[in-house]
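Report on one structure; see the data block that follows.
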Amino acid sequence: MKTKIGSEIAKANQYLKDGKTILYPTDTVWGLGCDATNYDAVSSIFKLKNRVESKSLIVLVSSVHMLKKYVSVPKKALDILKSSNQPTTIIYKNPKGFAKNTIAEDHTIAIRIVQHDFCRKLIKKFGKPIVSTSANVSETPTPKSFSEISDIILKGVHYVVNLEEDTIATKSSTILKIDGENLIVLRA
């Protein structure tokens with residue numbers, strides 16, 4: 101018999117494989133997600149959020165091993181990832197293998213190794229990075245819980261993961277950019 105988490109992973113994985121969008125719990129806030137290598141799926145996220153494609157998105161990976169398949173990881177980034185006990189997103193240069201609309205105009209991408217059990221297992225099963233952007237329409241507040249997610253978002257995604265609807269997020273991820281030897285904190 102499948103566990104509820106196992107069943108939700110299987111369902112969400114199939115939607116991702118089919119190029120569809122999902123609404124899912126993460127290690128920070130509820131996220132809108134899709135296959136980060138699928139241009140049309142990523143476009144669907146931008147359309148749903150009413151967000152211009154020139155604004156970048158965060159992408160989640162399941163491990164350092166997966167991260168290294170898509171970006172060159174400086175030693176400084178590895179040191180930060182090993183020592184951080186909170187969700188930490190790092191902006192990397194010259195990504196490869198992503199849909200071009202996930203990559204910022206300066207040819208960088210924001211990636212977080214997810215610490216959330218469901219997300220990590222989903223990404224591992226899917227085998228590729230997934231988009232993770234807050235579950236709100238642009239220019240509206242980020243929902244801290246499932247109950248704060250707007251009907252526009254709930255009705256606009258292809259699948260809503262049926263887990264952790266009572267969880268309340270207390271913080272977004274820290275966002276760091278490594279530029280040579282400089283570490284720039286973009287969001288603490």
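Mind the numbering: the sequence shown is residues 101 to 288 in our numbering, read in order. Ideal Cβ placement from N, Cα and C applies to all residues, glycine included. Given the structure is predicted, the values throughout are model-derived calculations rather than measurements.
Cα separation between residue i and residue j?
i	j	result
T169	G131	Here the sequence assigns Lys to residue 169, which means Thr is not the residue at that position. Straight-line Cα distance between these residues: approximately 23 Å.
I209	I203	5 Å
A112	V171	25 Å
I284	K271	19 Å
F146	E153	6 Å
K255	H165	35 Å
L222	A110	8 Å
P187	G227	21 Å
L160	Y124	12 Å
S247	V129	12 Å
L157	T103	31 Å
Only counting the same chain, and skipping five residues up and downstream in sequence, which positions put a Cβ closer than 6 Å to that of residue i?
i	result
I190	A177 and L276
T126	H216, C219 and S232
D118	none
M101	Any reading at M101 needs caution, since the residue's pLDDT is 38, under 50, leaving its predicted position unreliable; the model's value is listed next. Cβ neighbours of M101 beyond the five flanking positions: none.
A136	V159, F198, T202, P229, I230 and V231
R151	S238
Beta carbon of residue i, beta carbon of residue j: below 7 Å?
i	j	result
H258	Y115	yes
V237	I252	yes
A235	N138	no
E108	L286	no
S245	I278	no
If I measure Cβ to Cβ from residue i and keep anything under 7 Å in the same chain, skipping five residues before and after, which residues do I get?
i	result
P163	A small correction: the amino acid at residue 163 is Ser; Pro does not occupy that position in the sequence shown. Closer than 7 Å at the Cβ level, and outside the excluded window around S163, lie I213.
A288	T274
P195	Y170, V171, I203 and I209
K225	I109 and N113
P243	V129, W130, A235, N236 and I249
P241	none
V261	E108, A112, I122, L123, Y124 and P125
For the alpha helix (DSSP H) that contains residue i, what are its first and last residues?
i	result
N282	Here N282 belongs to no alpha helix (DSSP H); instead the beta strand (DSSP E) covers N282 to R287.
D279	Careful: D279 lies outside any alpha helix (DSSP H), inside the beta strand (DSSP E) at T274 to D279.
I158	Run containing I158: none in the alpha helix (DSSP H); it sits in the beta strand (DSSP E), I158 to V161.
G119	From DSSP, G119 is part of no alpha helix (DSSP H); its letter is neither H nor E.
K155	No alpha helix (DSSP H) contains K155, which DSSP labels as neither H nor E.
With residue i as the anchor, note down where its beta strand (DSSP E) starts and where it stops.
i	result
L123	I122 to Y124
L263	It is not in any beta strand (DSSP E) - L263 carries neither H nor E in the DSSP assignment.
If I measure Cβ to Cβ from residue i and keep anything under 8 Å in the same chain, skipping five residues before and after, which residues do I get?
i	result
G121	Looking at the sequence itself, residue 121 is Thr, so the reference to Gly does not match. The answer, listed in chain order, is Y115, L132, G133, C134, A141, S144, I145, L148, G256, V257, H258 and Y259.
L167	V161, V173, I211 and I213
Unbroken beta strand (DSSP E) runs of length 3 or more, entirely within the segment 174-255: which are they?
Within the segment 174-255, the complete beta strand (DSSP E) runs of at least 3 residues are 188-193, 208-213 and 230-234.
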